[in-house]
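K.L.:
One structure, as structure tokens, below. Some questions next.
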Ligand code: ATP
Ligand code: MG
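Written out as structure tokens, the structure reads:
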């Protein structure tokens, strides 16, 4: 195929990518929220979008099933980034990866005392590195969603999760006590495609770069 395939996830990434695509003259013909289609054509016959789970975007691009993709830094750190170029921080889907605990839990004191902490998270790699760098002993518990519940029912002392407004934490009587890193979404490119399809991909990269807020 001479055209290119772009892997996106539904929801905030798709929505926040639309203006970037528009800057490159690309307009999807359907909205994945309503159409349920997984392959979406665009106004350009040589460009199509595939809709995958956010955490699967790097995998599709790594193996060349998609030439380009957009994925959060959180997802890329867990994936590892093998086979991918990450040429642009698109500054979309911005949030922070944080350690959060129940209101009233003295996290700083627990850390000082050298206590072993149980931490529930979807981000095992990032959490492991963070606590190892601080020499905090942790038992990590892998979850796939709704991390906020874990400390409320005694599954964990703390969570590592993404925070934007903090309203989900607040609604569950949790507090962010440490920022691990700032997160935003990156453009990722299959390394072979970047070389083989440079004449299609490079103008797209340039348009995206010009449209970053
Ligand atoms: P799923 O919802 O299918 O379990 P997901 O949570 O990874 O998967 P999204 O909620 O669409 O998928 O999140 C996609 C990306 O957007 C995340 O990888 C992250 O980089 C970013 N993100 C997640 N939550 C927020 C948030 N509250 N505010 C801003 N950006 C966020
Ligand atoms: Mg989500």
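Residue numbers (the working numbering): 26 to 238.
Virtual Cβ for every residue (Gly too), placed ideally from N, Cα, C.
#1: Measure the Cβ-Cβ separation of residue 232 and residue 32 and say whether it is below 7 Å.
#2: Between which residues of its own chain and residue 155 is the CB-CB distance below 6 Å, once the five residues before and five after are set aside?
#3: Would residue 165 pass as a contact of residue 175 if the rule is Cβ separation under 7 Å?
#4: Give me whichever residues DSSP pairs with residue 141 in a beta bridge.
#5: Grouping DSSP H, G and I as helix and E and B as strand, with all else coil, what is residue 37?
#6: Starting from residue 153, follow the alpha helix (DSSP H) in both directions and report where the run begins and ends.
#7: At which residues does the alpha helix (DSSP H) containing residue 223 begin and terminate?
#8: Restricting to runs no shorter than 4 residues, where is the alpha helix (DSSP H) found entirely within the region 158-215?
#9: Skipping 5 residues on each side, what residues in its chain have a beta carbon closer than 7 Å to that of residue 112?
P.N.:
Quick look at the numbers:
#1: For the purposes of this step, residue 232 is identified with residue 207 of the chain shown, where counting begins at 1. For the purposes of this step, residue 32 is identified with residue 7 of the chain shown, where counting begins at 1. No, these two residues do not count as a Cβ contact at 7 Å.
#2: In the chain shown, residue 155 corresponds to position 130, counting from 1. Only 205 meet the Cβ criterion.
#3: Numbered from its first residue, the chain shown carries residue 165 at position 140. Numbered from its first residue, the chain shown carries residue 175 at position 150. By the CB criterion at 7 Å, residue 165 and residue 175 fall outside the cutoff.
#4: In the chain shown, residue 141 corresponds to position 116, counting from 1. When DSSP reads this structure, residue 141 sits in no beta bridge, so it has no partner.
#5: In the chain shown, the residue the question calls residue 37 occupies position 12. Here residue 37 sits in helix by DSSP.
#6: Along the chain shown, one-based indexing puts residue 153 at 128. That run of the alpha helix (DSSP H) goes 149-158.
#7: Taking the chain shown and counting its residues from 1, the one referred to as residue 223 is at position 198. That run of the alpha helix (DSSP H) goes 223-236.
#8: Taking only runs of at least 4 residues, the alpha helix (DSSP H) segments lying wholly in the region 158-215 are 174-177 and 192-196.
#9: Stepping through the chain shown from its first residue, residue 112 is reached at position 87. If the five residues before and after residue 112 are omitted, its C-beta is found closer than 7 Å to the C-beta atoms of 212, 214 and 230, all from its own chain and listed in chain order.
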